[in-house]
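Residue numbers (the numbering used here): 2 to 149.
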């Protein structure tokens, strides 16, 4: 089980308005930490294809996913290209957006589409990708840290 404590701390700091950009603070507003913890535990137990039926937990997971997408911009340094691609793919799946294949000479789009297809083939759905995105951000916080 991934330790969410650094993510929860960042969330609570953003909710207090003490730190981070107004965009991050806005994304943090209204996220119920207890419901998020329950939702994340449920998602972790289910794996890649997650189905959270409880409306409050589902809303908390989605809101935390959106917060994580803003918080990743507050990392002390940028993650590598592979990690960025993984975040991109899970962000797209988490928002039910299909990644286009791209033209013959658009190698970046082809790579991203291939990673997207692989994640879909592995069984990721929207909520599974939301949880995976949050997990990746938790790992990045531990590895790279957040700006002061």
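Even glycine gets a Cβ: it sits at the ideal position worked out from N, Cα and C.
Nearest-angstrom Cβ-Cβ length linking residue 34 and residue 12, presumed shorter than 8 Å: Here the question's residue 34 lines up with position 33 in the chain shown. Here the question's residue 12 lines up with position 11 in the chain shown. Indeed they touch by this definition, with Cβ atoms about 7 Å apart.
Are at least three pairs of beta-carbons, each pair with one atom in the segment 17-32 and one in the segment 73-82, less than 8 Å apart? yes
Less than 8 Å between the C-beta atoms of residue 29 and residue 66, yes or no? As a position in the chain shown, residue 29 is number 28, starting the count at 1. As a position in the chain shown, residue 66 is number 65, starting the count at 1. No, these two residues do not count as a Cβ contact at 8 Å.
By Cβ distance, which residues of its chain are closer than 8 Å to residue 26, with the 5 residues on each side in sequence left out? What you label residue 26 is simply residue 25 of the chain shown in a count that begins at 1. The answer, listed in chain order, is 15, 16 and 18.
Going by beta carbon distance, what residues of the same chain come within less than 6 Å of residue 142, once the five residues before and after it are set aside? Residue numbering aside, residue 142 sits at position 141 when the chain shown is read from its first letter. For residue 142, where only same-chain residues beyond five positions count, the Cβ hits under 6 Å are 7.
Please name the residue, chosen from 104, 54, 3 and 64, that lies closest to residue 42 on a Cα-to-Cα basis. As a working mapping, residue 42 is identified with position 41 in the chain shown. Ranking the options by Cα distance to residue 42, first place goes to 3.
Residue span of the alpha helix (DSSP H) that contains residue 41, given as start and end: Along the chain shown, one-based indexing puts residue 41 at 40. Run containing residue 41: 34-47, per the alpha helix (DSSP H) assignment.
Taking the alpha helix (DSSP H) that residue 117 belongs to, which residues open and close that run? Within the chain shown, residue 117 is the residue found at index 116, counting from 1. Counting along the chain, the alpha helix (DSSP H) containing residue 117 begins and ends at 108-122.
Beta-carbon gap between residue 111 and residue 119 smaller than 8 Å: Translated into positions along the chain shown, residue 111 becomes position 110. Translated into positions along the chain shown, residue 119 becomes position 118. No, Cβ-Cβ distance for residue 111 and residue 119 is not below 8 Å.
C-alpha distance - residue 55 paired with residue 106, whole-angstrom precision: Counted from its first residue, the chain shown places residue 55 at position 54. Counted from its first residue, the chain shown places residue 106 at position 105. Going from the Cα of residue 55 to the Cα of residue 106 covers about 45 Å.
Inspect the beta-carbon positions of residue 31 and residue 64 and report whether they are closer than 8 Å. As a position in the chain shown, residue 31 is number 30, starting the count at 1. As a position in the chain shown, residue 64 is number 63, starting the count at 1. Cβ atoms of residue 31 and residue 64: closer than 8 Å.
How big is the Cα-Cα spacing for residue 132 and residue 57? Within the chain shown, the letter at position 131 stands for residue 132. Within the chain shown, the letter at position 56 stands for residue 57. Cα to Cα, the separation comes out at about 15 Å.
Cα-Cα, which of 46, 145 and 136 is closest to residue 9? Within the chain shown, residue 9 is the residue found at index 8, counting from 1. Comparing Cα positions, the closest option is 136.
Three-state class that DSSP yields for residue 145 in the structure shown: If you number the chain shown from 1, residue 145 lands on position 144. Helix, per DSSP.
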